[in-house]
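Residue numbering for the sequence shown follows the UniProt record's numbering, starting at 1 and increasing by one per position. We put the beta carbon where it would ideally sit given N, CA and C, even for glycine. I have placed the structure first, in the form of structure tokens, so that the comments after it can refer back to it.
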Amino acid sequence: MGYGKDVYQAVMEKLNLQRVAAEQESRRRRDDFYAACPRAAEIERLLSHTAVQAAKAVLGSGNSGEILAKLKENNLALQEERRQLLASAGLPEDYLQPHYQCPKCEDTGYIDGRMCSCLKELLRKEAYRRLNDSTPLSLCTFDSFSLSYYPDTSDSPDRPSPRAQIGKILSYCRRYAANFSPDSPSLLMQGGTGLGKTHLSLSIANEAIERGFGVIYGSTQNLASSLEKERFRRDSDDETNQMLLSCDLLILDDLGTEFSTSFIDAAIYNIVNTRLMSKRPTIISTNLSLREMETRYTERFVSRIIGSYIRLFFYGSDVRQQRRSL
């Protein structure tokens, strides 16, 4: 997947800071140890001198093989003496070496000119972070979701009370989050404003992220705007669209509030349809009824959702208004 220059530069700066910090800490440990053990400092100087002698031997006389063998023997003896000095001080063998966060690439991001897995993962996380940056993820958890705002009496004998209905949805969402996997089903959360759709979808996102899954959350309007901006950006590599298609869980909040253009409508359909085809779960929340969705979108789009998503129907009184009136 391609990433914008700003994402790449931010991640490379982070790697550089990690590498510099590891090397500075290594120098500090080495200076402290050499001050406490002068023989270790002397060994370091002798090893450096051995490297110079080896270079001279290669460029010098015809018996360089014999000289190199002797230098190697001395070198190994010095390294063993240093290891014993470290051990006698209760220190590990690699104590004097930089402790990089990624030993494979030594926090450079590359191995033999190829991108290291650590760099790929950091790029992915940074791109996700930027897409999720304005999301109040930390404010929404299952434990902070209260059923007390929902009436405990039903206005119809044909359906349970709002509290009972939302309680069932809460239990389902808890199970969904606890057992989430890339094979989990897609969800359609329907109902009026202020009934907890966003709170529960963010609670699922929180748990999925904690378990290491890649989650993108955003209002449909904001994500659609990101796609449209990317469309006209010169250095665009289609990164936003690719992340929306490939993340482990995509949450589209407030479907139906986005500004409608032929590009945005087609982009949303493509995202929903492609994720269904690749069996990647999506959670959609909307204030629209099915009839309103059919008016707002194409029949093909709505039928894909109805036929493939598990529907969770929210009803009751606007919780946000109740909180404001307290």
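Residue i: first and last residue of the uninterrupted beta strand (DSSP E) it sits in
| i | result |
| --- | --- |
| Arg311 | 310-313 |
| Ser285 | 282-286 |
| Gln190 | 187-190 |
| Leu96 | Note, Leu96: premise wrong, no beta strand (DSSP E); not H, not E. |
| Leu250 | 249-255 |
| Ser219 | 215-219 |
Proximity to residue i [Cα-Cα], best of the options
| i | options | result |
| --- | --- | --- |
| Gln190 | Ala266, Ile166, Thr274, Asp183 | Ile166 |
| Tyr95 | Asp32, Leu123, Gly218, Thr274 | Asp32 |
| Thr108 | Gly218, Leu86, Leu15, Arg174 | Leu15 |
| Pro98 | Lys125, Ala21, Phe145 | Ala21 |
| Arg129 | Ala10, Ile268, Tyr172 | Ala10 |
| Ile216 | Cys247, Asn241, Asn179 | Cys247 |
| Ser225 | Met293, Phe263, Ser289 | Phe263 |
| Ser88 | Met12, Thr141, Cys37 | Cys37 |
| Asn81 | Ala40, Asp318, Val7, Tyr269 | Correcting the residue identity first, residue 81 is Glu in this sequence and not Asn. If we check each option's Cα against that of Glu81, Ala40 comes out closest. |
| Glu126 | Pro157, Ile251, Tyr8, Asp158 | Tyr8 |
| Leu71 | Gln84, His49, Arg83 | His49 |
| Asn287 | Gly256, Thr298, Asp158 | Gly256 |
| Tyr34 | Leu86, Leu76, Asn273 | Leu86 |
| Leu252 | Arg296, Leu68, Glu230, Thr198 | Thr198 |
| Ala205 | Phe142, Ala164, Leu119 | Phe142 |
Burial state of residue i, where buried means 16 or more other Cβ atoms lie within 10 Å
| i | result |
| --- | --- |
| residue 333 | Since the first residue of the chain shown is 1 and the last is 326, residue 333 is not available in this structure. |
| Glu258 | buried |
| Asp254 | buried |
| Gln18 | buried |
| Gly28 | Note on identity: in this sequence residue 28 is Arg, with Gly being the wrong assignment. It is exposed - the Cβ of Arg28 has fewer than 16 other Cβ atoms within 10 Å. |
| Arg280 | buried |
| Val52 | exposed |
| Glu239 | buried |
| Tyr110 | exposed |
| Gly65 | exposed |
| Pro162 | buried |
| Asn241 | buried |
| Leu196 | The amino acid at residue 196 is misidentified as Leu; the sequence shows Gly. Buried is the call here. |
| Ser303 | exposed |
| Ile268 | buried |
| Thr261 | exposed |
| Gly194 | buried |
| Gly212 | exposed |
| Gly218 | buried |
| Thr220 | buried |
| Arg275 | buried |
| Leu312 | buried |
| Thr282 | buried |
beta-carbon residue i near the ligand ZN non-hydrogen atom, thresh 7 Å
| i | result |
| --- | --- |
| Val52 | No copy of the ligand ZN appears in this structure; indeed no ligand is present at all. |
Residue i versus residue j - alpha carbon distance
| i | j | result |
| --- | --- | --- |
| Asp183 | Gly90 | 49 Å |
| Pro103 | Glu121 | 15 Å |
| Leu326 | Tyr150 | At Leu326 the pLDDT is 47, less than 50, meaning the model places this residue with poor confidence and gives no usable figure here. |
| Leu78 | Ile43 | 6 Å |
| Ala177 | Ile209 | 10 Å |
| Leu244 | Ala266 | 14 Å |
| Glu207 | Leu223 | 22 Å |
| Gly192 | Ile169 | 15 Å |
| Leu202 | Glu23 | 40 Å |
| Pro160 | Leu227 | 41 Å |
| Met1 | Arg124 | Its pLDDT being 47, under 50, Met1 is placed unreliably in this model, and the coordinates cannot settle the point. |
| Pro92 | Glu73 | 23 Å |
| Ser317 | Gly113 | 59 Å |
| residue 331 | Met12 | Absent from the structure is residue 331, since the part of the chain shown begins at 1 and ends at 326. |
| Ile271 | Glu106 | 37 Å |
| Thr153 | Ser146 | 16 Å |
| Gly307 | Ser26 | 59 Å |
| Asp6 | Met115 | 17 Å |
| Leu250 | Arg175 | 18 Å |
| Ile67 | Arg45 | 19 Å |
| Ser278 | Tyr309 | 14 Å |
| Tyr172 | Ser148 | 18 Å |
| Glu299 | Tyr100 | 54 Å |
| Ile305 | Asn273 | 9 Å |
The alpha helix (DSSP H) enclosing residue i, as first and last residue numbers
| i | result |
| --- | --- |
| Asp143 | It is not in any alpha helix (DSSP H) - Asp143 carries neither H nor E in the DSSP assignment. |
| Asp265 | 262-277 |
| Gln165 | 162-178 |
| Leu245 | 239-246 |
| Arg211 | First-last for Arg211: undefined, no H or E at that position. |
| Leu290 | 290-296 |
Chain B contact for residue i (CB, 8 Å cutoff)
| i | result |
| --- | --- |
| Tyr269 | Among the protein chains of the structure shown there is no chain B, as only one such chain exists. |
Report the residue ranges of all alpha helix (DSSP H) runs contained in full by the stretch 14-78; include only those spanning at least 4 residues, in chain order. 38-59
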